[in-house]
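Okay, so here's the structure we're looking at.
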Ligand SMILES: Cc1cc2nc3c(=O)[nH]c(=O)nc-3n(C[C@H](O)[C@H](O)[C@H](O)COP(=O)(O)OP(=O)(O)OC[C@H]3O[C@@H](n4cnc5c(N)ncnc54)[C@H](O)[C@@H]3O)c2cc1C
Ligand code: SF4
Ligand code: SF4
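Residue numbers (full-length UniProt numbering), protein chains in the order written: chain D, 1 to 429; chain R, 1 to 148.
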């Protein structure tokens with residue numbers, strides 16, 4: 001087989017679309033453990049909340065695979081990769097040869113050792129079957145404790161709450177979404193959750209899950225000495241790259257599968273993309289695992305093009321999050337909390353607690369390197385442009401940005417023309 | 001593919017493109033009803049945005065990028081690239097209003113619908129025989145719909 005992709009998530013879709021940009025002919029084989037067409041993984045919280053039905057989960061129309069000449073082998077797990085023989089083995093014992101292989105196996109939930117966590121009614125919330133389990137469970141339970149106040153924990157908590165469950169979210173660090181938010185953003189979002197009735201506790205975690213003699217959950221002992229009665233516990237601390245398969249086959253891994261600028265791993269013609277990969281970061285230049293949607297798609301897309309024979313460099317990952325809290329939208333991109341002792345950073349922040357609005361811009365030297373918006377997010381993409389294209393910002397423009405008025409006319413002339421009006425140089429000559 | 005190209009040398013900042021866009025996307029197809037009624041009752045809003053700085057102006061909307069950041073960011077499949085027409089297509093029914101595309105599009109081409117939890121984005125006036133309404137309405141040929 002010319003192209004084999006392990007995993008059927010968004011990185012895989014990106015790869016299919018990338019391959020097809022270059023090679024319209026050769027067949028693509030996608031092998032995925034989960035038995036459903038590729039779905040919007042973040043949508044599982046909308047499903048659990050009852051906001052969408054199962055019919056709205058799939059990412060691409062059914063014809064997509066047919067039109068793209070993709071064969072799907074679902075409900076099938078790859079158990080080994082042989083990088084010398086260039087084959088993969090599946091759990092049904094089948095051996096499949098590849099010319100180009102993409103490992104897009106994503107992440108697996110990270111579970112810290114908590115006494116009492118082994119046993120029934122402790123769940124994760126990262127895939128469709130977790131969501132289905134929680135949907136049926138939500139009918140019979142009254143209370144839930146969610147461990148983790150990051151993206152997945154907040155989504156899990158919110159959607160269980162929407163099902164009528166009393167929810168407490170525990171976050172060990174002093175604020176929710178500690179990486180993407182600062183104190184101001186976290187407190188605006190936290191207040192919104194509190195208003196609605198969701199209990200969020202920061203600076204505290206679960207010490208032990210207490211069970212009765214029959215093994216049923218009684219409650220959770222917290223690190224601050226408190227005890228919370230609960231029927232279920234959802235552990236949602238985050239995901240770790242699912243690189244076991246790659247590692248076992250001798251492919252180099254660090255925190256994730258190591259890839260170069262073309263998404264190639266250490267093995268010939270084997271690529272990696274998505275939550276499993278440790279790829280170049282746009283702002284820092286080093287290699288990191290940034291397990292978010294856009295990166296997974298972009299890495300897959302880049303890998304796909306390279307697999308099909310094109311030579312394209314990966315631009316680099318950019319951390320970005322968009323999450324709403326009961327109608328309060330928030331967006332954070334790039335470097336949000338720069339090191340305090342580094343004088344090259346300058347911060348401009350405007351907080352209006354009454355309006356529930358916040359804008360923080362982080363400049364490094366004469367560049368915008370990150371921002372947070374709460375409430376008024378409408379101009380977000382225009383800030384993203386400055387971060388993403390790393391455009392230098394003259395003093396006058398900086399003032400305009402700080403006033404919350406980003407605009408395309410602030411772009412350098414050449415860049416503006418290339419972007420908006422390419423191939424129209426005559427009038428200037 | 002054919003795209004709408006804005007030229008700031010010619011744009012006079014009259015906002016007529018916005019009005020034409022609103023009309024073309026209205027139920028009534030009538031500027032006055034669209035602007036006076038539909039705008040408030042159903043949140044009808046233009047896909048274009050006119051920027052002004054001194055006497056320089058420009059009217060922008062979705063570029064229908066070859067490799068769109070909005071599609072990469074969309075968690076629901078609400079945005080995708082039609083390989084046949086090259087358009088970046090928005091499917092309202094799939095959109096869940098997560099604003100990931102609004103965050104990711106560096107061209108500022110996506111807005112929030114004022115009422116619904118959905119986005120507003122240029123569709124190049126799909127199905128309109130005369131082509132994009134903004135281009136047709138521009139009095140100074142600052143918008144060109146062409147293949148480049
Ligand atoms: C509840 C939730 C909400 C989220 N919300 C957001 C959000 O709002 N914004 C955002 O940017 N990100 C969000 N994320 C993160 C985002 O979903 C991930 O970054 C993204 O899905 C990663 O895509 P991927 O293709 O790398 O991996 P995945 O989507 O994890 O896909 C990997 C696939 O590979 C399969 N697989 C693994 N091993 C094998 C094997 N050996 N053989 C065959 N198949 C295998 C798995 O079953 C899985 O289906 C959220 C995640 C969750 C869980
Ligand atoms: S919305 Fe933005 S990113 Fe998407 S195609 Fe249009 S201009 Fe490109
Ligand atoms: S707001 Fe809608 S179209 Fe935009 S990324 Fe979210 S689901 Fe997709």
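Backbone N, C-alpha and C fix where the C-beta goes; we use that ideal spot for every residue, glycine too.
| Query | Result |
| --- | --- |
| Cβ of residue 294 of chain D within 7 Å of any heavy atom in ligand 2? | no |
| Among D:352, D:399, D:153, which residue has its Cα nearest to the Cα of residue 236 of chain D? | D:153 |
| Would you call the CB atoms of residue 96 of chain R and residue 39 of chain D closer than 8 Å? | no |
| I need the residues with a C-beta less than 6 Å from some heavy atom of ligand 3; please give them in chain order. | R:73, R:74, R:75, R:76, R:78, R:79, R:95, R:96, R:97, R:98, R:99, R:100, R:101, R:119 |
| For residue 146 of chain R, which residues does DSSP report across the bridge? | R:3 |
| Between which two residues does the alpha helix (DSSP H) containing residue 193 of chain D stretch? | 183-196 |
| Below 8 Å on C-beta distance, what does residue 128 of chain D contact in chain B? | Annotation note: the requested chain B is absent from the structure, which comprises protein chains D and R. |
| Among D:270, D:226, D:43, D:65, whose alpha-carbon lies nearest the alpha-carbon of residue 204 of chain D? | D:226 |
| Decide if the stretch 96-116 of chain R is in contact with the stretch 23-33 of chain R; the criterion is three or more beta carbon pairs, one per stretch, under 8 Å apart. | no |
| Is residue 275 of chain D near ligand 1, judged by its Cβ being under 7 Å from some heavy atom? | yes |
| Within the continuous beta strand (DSSP E) that includes residue 201 of chain D, where are the two ends? | 199-202 |
| Nearest to residue 85 of chain D by alpha carbon, out of D:98, D:192, D:246? | D:98 |
| When you compare the stretch 49-66 of chain D with the stretch 339-347 of chain D, are there three or more beta-carbon pairs, one atom per stretch, that lie closer than 8 Å? | no |
| Can you list, in chain order, the residues of its chain with a C-beta nearer than 8 Å to that of residue 82 of chain D? Leave out the 5 residues immediately preceding and following it. | 88, 89, 249 |
| Which residues mark the beginning and the end of the alpha helix (DSSP H) in which residue 402 of chain D is found? | 395-402 |
| Take residue 139 of chain R as the anchor and find which of R:119, R:10, R:38 has the nearest alpha-carbon. | R:10 |
| Roughly how many angstroms separate the alpha carbons of residue 72 of chain R and residue 94 of chain D, rounded to a whole number? | 33 Å |
| Using a Cβ-Cβ cutoff of 7 Å, what residues of the stretch 89-104 of chain R are near chain D? List them in chain order. | 94, 96, 98, 99, 100, 102, 103, 104 |
| At a threshold of 7 Å, does residue 183 of chain D count as lining ligand 1 (C-beta to nearest heavy atom)? | no |
| For residue 331 of chain D, which residues from the same chain have a beta carbon less than 6 Å from its beta carbon, with the 5 sequence-adjacent residues on both sides left out? | 322, 373, 377, 380 |
| Is any non-hydrogen atom of ligand 2 found closer than 7 Å to the C-beta of residue 64 of chain R, if you look at the structure I gave you? | yes |
| Considering just the uninterrupted stretch of the beta strand (DSSP E) at residue 29 of chain R, what are its terminal residues? | Per DSSP, residue 29 of chain R belongs to no beta strand (DSSP E) and is neither H nor E. |
| Around the Cβ of residue 212 of chain D, are there at least 16 other Cβ atoms within 10 angstroms (buried) or fewer (exposed)? | exposed |
| Pull the bridge partners of residue 441 of chain D from the DSSP assignment, please. | Not covered by the structure: residue 441 of chain D. The range shown for chain D is 1 to 429. |
| Is residue 148 of chain D near ligand 1, in the sense that its beta carbon is under 7 Å from a heavy atom of that ligand? | no |
| For residue 376 of chain D, decide whether its Cβ has a neighbour in chain R, counting only Cβ atoms nearer than 8 Å. | no |
| With DSSP as the reference, label residue 130 of chain D as helix, strand or coil. | helix |
| Would you please state the rounded distance, in angstroms, between the beta carbons of residue 146 of chain D and residue 157 of chain D? I believe it to be under 8 Å. | 4 Å |
| For the beta strand (DSSP E) that contains residue 168 of chain D, what are its first and last residues? | 166-171 |
| Of the choices D:129, D:70, D:186, whose alpha-carbon is the least far from that of residue 357 of chain D? | D:186 |
| Starting from the C-beta of residue 273 of chain D, find all residues in its chain whose C-beta is less than 6 Å away, skip the five residues before and the five after it, and write them out in chain order. | 11, 104, 263, 299, 300, 303 |
| Go ahead and pull the three-state DSSP assignment for residue 390 of chain D. | coil |
| Starting from residue 320 of chain D and walking both ways along the beta strand (DSSP E), at which residues does that stretch end? | 320-325 |
| In the UniProt domain "4Fe-4S ferredoxin-type" (2-30) of chain R, which residues sit with their C-beta less than 8 Å from some C-beta in chain D, listed in chain order? | 5, 6, 7, 8, 9 |
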